[in-house]
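Protein sequence lines correspond, in order, to chains A and B. Mapping the first sequence onto our numbering, position 112 (from 1) lands on 112, and the numbers just tick up by one. Mapping the second sequence onto our numbering, position 4 (from 1) lands on 216, and the numbers just tick up by one. For glycine and all other residues, C-beta sits at the position ideal for the given N, C-alpha and C.
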Amino acid sequence: MNVFRLTGDLSHLVAIILLLLKIWKTRSCAGISGKSQVMFALVFTTRYLDLFTNFISPYNSVMKVIYLGCSYATVYMIYMKFKASYDGNHDTFRAEFLIIPVGGLAFLVNHEFTPLEILWTFSIYLESVAILPQLFMITKTGEAETITTHYLFALGLYRALYLINWIWRYYFEGFFDLIAIVAGCVQTILYCDFFYLYITKVLHGKKLSLPA
Amino acid sequence: LCSSTEKDEL
Numbered sequence: 001m002n003v004f005r006l007t008g009d010l011s012h013l014v015a016i017i018l019l020l021l022k023i024w025k026t027r028s029c030a031g032i033s034g035k036s037q038v039m040f041a042l043v044f045t046t047r048y049l050d051l052f053t054n055f056i057s058p059y060n061s062v063m064k065v066i067y068l069g070c071s072y073a074t075v076y077m078i079y080m081k082f083k084a085s086y087d088g089n090h091d092t093f094r095a096e097f098l099i100i101p102v103g104g105l106a107f108l109v110n111h112e113f114t115p116l117e118i119l120w121t122f123s124i125y126l127e128s129v130a131i132l133p134q135l136f137m138i139t140k141t142g143e144a145e146t147i148t149t150h151y152l153f154a155l156g157l158y159r160a161l162y163l164i165n166w167i168w169r170y171y172f173e174g175f176f177d178l179i180a181i182v183a184g185c186v187q188t189i190l191y192c193d194f195f196y197l198y199i200t201k202v203l204h205g206k207k208l209s210l211p212a
Numbered sequence: 213l214c215s216s217t218e219k220d221e222l
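Next comes the structure, spelled out in structure tokens:
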């Protein structure tokens with residue numbers, strides 16, 4: 001465990017909790033893509049099946065349970081508890097266009113052709129693109145609440161920190177996982193445009209709004 | 213190519 005890995009995990013945790021708190025405090029999930037959140041719940045579910053088969057460390061297990069719990073709680077808030085505030089009309093990205101190709105790719109390109117390994121690969125690939133419905137929704141409405149942009153920044157930062165962690169691990173441990181690295185690069189690249197807007201607008205006290 | 217069966221990352 002190096003400092004980039006740890007701060008990456010914490011950044012991910014901050015993102016997830018921030019979103020949950022925002023929805024809870026405002027009693028509203030307006031501006032949040034339910035489809036992205038369902039996909040993140042699917043990502044955690046398919047990746048953390050090893051909770052039952054493989055014990056790594058208390059830290060590892062506890063974080064997995066927190067991610068899973070928060071992710072399901074978020075989906076519950078969006079589709080059940082605060083359903084009335086869910087902006088379904090603007091959440092129009094077709095999730096099947098991501099899930100089906102990603103599922104096919106996980107079958108074709110994986111480390112090992114076993115159920116758990118294919119599901120793990122699926123989760124890595126799906127995570128890399130799961131934010132697209134959310135970014136699409138912001139493009140469509142042309143704006144995002146500032147707290148939502150903090151969430152997105154922390155979520156994007158997490159994978160960027162993991163990229164540095166992988167470079168570190170390659171040099172100091174000789175460890176590398178090509179599937180995770182390629183997907184992690186794709187995932188980080190998808191946030192680049194958003195990072196630019198976040199730094200130039202939100203950090204200067206302006207609301208994130210796109211030109212019409 | 214490293215296949216990591218023991219996945220310590222989250």
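Reduced DSSP category for residue i - H, G, I as helix; E, B as strand; rest coil
{"i": "L105 of chain A", "result": "helix"}
{"i": "L49 of chain A", "result": "helix"}
{"i": "E173 of chain A", "result": "helix"}
{"i": "S36 of chain A", "result": "helix"}
{"i": "L223 of chain B", "result": "Lying outside 213 to 222, the shown extent of chain B, residue 223 of chain B is not represented and no answer is given."}
{"i": "E145 of chain A", "result": "coil"}
{"i": "L135 of chain A", "result": "helix"}
{"i": "S209 of chain A", "result": "strand"}
{"i": "K219 of chain A", "result": "Outside the shown range of chain A (1 to 212) lies residue 219 of chain A, about which nothing can therefore be said."}
{"i": "R159 of chain A", "result": "helix"}
{"i": "C29 of chain A", "result": "coil"}
{"i": "N110 of chain A", "result": "coil"}
{"i": "R94 of chain A", "result": "coil"}
{"i": "D9 of chain A", "result": "helix"}
{"i": "D193 of chain A", "result": "helix"}
{"i": "F153 of chain A", "result": "helix"}
{"i": "F4 of chain A", "result": "helix"}
{"i": "N54 of chain A", "result": "coil"}
Alpha helix (DSSP H) segment containing residue i, residue limits
{"i": "P58 of chain A", "result": "P58 to Y76"}
{"i": "Y125 of chain A", "result": "P115 to V129"}
Between the CA atoms of residue j and residue i - distance to the nearest angstrom
{"i": "C29 of chain A", "j": "I23 of chain A", "result": "5 Å"}
{"i": "S71 of chain A", "j": "L10 of chain A", "result": "15 Å"}
{"i": "V109 of chain A", "j": "G31 of chain A", "result": "35 Å"}
{"i": "L98 of chain A", "j": "L203 of chain A", "result": "31 Å"}
{"i": "I147 of chain A", "j": "T200 of chain A", "result": "16 Å"}
{"i": "V75 of chain A", "j": "S36 of chain A", "result": "10 Å"}
{"i": "M63 of chain A", "j": "I56 of chain A", "result": "12 Å"}
{"i": "F176 of chain A", "j": "R169 of chain A", "result": "7 Å"}
{"i": "H12 of chain A", "j": "L155 of chain A", "result": "6 Å"}
{"i": "W120 of chain A", "j": "I16 of chain A", "result": "20 Å"}
{"i": "T53 of chain A", "j": "L178 of chain A", "result": "23 Å"}
{"i": "S215 of chain B", "j": "F40 of chain A", "result": "For S215 of chain B, the pLDDT reaches just 48, beneath the cut-off of 50, and the residue's location in the model is therefore unreliable, although a value from the coordinates is still provided. The alpha-carbon atoms of S215 of chain B and F40 of chain A are separated by roughly 24 Å."}
{"i": "F4 of chain A", "j": "I167 of chain A", "result": "10 Å"}
{"i": "P211 of chain A", "j": "Y171 of chain A", "result": "43 Å"}
{"i": "E112 of chain A", "j": "L157 of chain A", "result": "29 Å"}
{"i": "D220 of chain B", "j": "N60 of chain A", "result": "7 Å"}
{"i": "T45 of chain A", "j": "L222 of chain B", "result": "12 Å"}
Contact check, residue i vs residue j, beta carbons under 8 Å
{"i": "Q134 of chain A", "j": "S33 of chain A", "result": "yes"}
{"i": "C185 of chain A", "j": "L163 of chain A", "result": "yes"}
{"i": "E145 of chain A", "j": "S209 of chain A", "result": "no"}
{"i": "Y67 of chain A", "j": "I78 of chain A", "result": "no"}
{"i": "F93 of chain A", "j": "F136 of chain A", "result": "yes"}
{"i": "S123 of chain A", "j": "R47 of chain A", "result": "yes"}
{"i": "D50 of chain A", "j": "L116 of chain A", "result": "yes"}
{"i": "A84 of chain A", "j": "L20 of chain A", "result": "no"}
{"i": "L161 of chain A", "j": "T7 of chain A", "result": "yes"}
8 Å Cβ cutoff, residue i in contact with chain E
{"i": "W120 of chain A", "result": "In the structure shown, chain E does not exist; the protein chains are A and B."}
beta-carbon residue i near the ligand NAP non-hydrogen atom, thresh 7 Å
{"i": "I124 of chain A", "result": "With respect to small molecules bound, the structure shown includes none, and the ligand NAP cannot be examined in it."}
Using Cβ-Cβ distances below 9 Å, what residues of the region 64-80 of chain A are close to chain B?
K64 and Y67
Interfacial residues, the region 42-65 of chain A to chain B, with Cβ spacing under 7 Å:
D50, N54, I56, N60, M63 and K64
Going along the chain, which residues of the region 3-16 of chain A sit with their C-beta nearer than 9 Å to a C-beta in chain B?
R5, G8, D9 and H12
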